[in-house]
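In my numbering, the protein residues as written are 3 to 80.
Where a beta carbon is used, it is the ideal one built from N, C-alpha and C, also for glycine.
On a predicted model such as this, the values are computed, not experimentally measured, just so you know.
Okay, structure first, notes after.
What follows is the structure, encoded as structure tokens:
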């Protein structure tokens, strides 16, 4: 009888740990994205204007493509 209780407690602890870990990771990522939002075309346009450049759509598209290419490289190595 005590063996079944021990097995049940282990299974419940594992499920609880997985659920708790999921919610902690979710909260961490939500806070991270709130503090460091991903860059978009509007942000690039503002950065270029602040640097004294006239932001054309072609330049913005090139910069976005380059940034996406750089972000995808480390993911492919894994």
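- C-alpha of residue 19 to C-alpha of residue 30: approximately 16 Å in a straight line.
- Counting along the chain, the unbroken alpha helix (DSSP H) around residue 19 starts and ends at 4-37.
- In terms of Cα proximity to residue 43, the closest of 22, 60 and 25 is 60.
- In this structure the stretch 21-29 does not touch the stretch 46-56; the number of beta carbon pairs closer than 8 Å is below three.
- In the same chain as residue 51, and ignoring 5 residues on each side of it, the C-beta atoms closer than 7 Å to its own belong to 57, in chain order.
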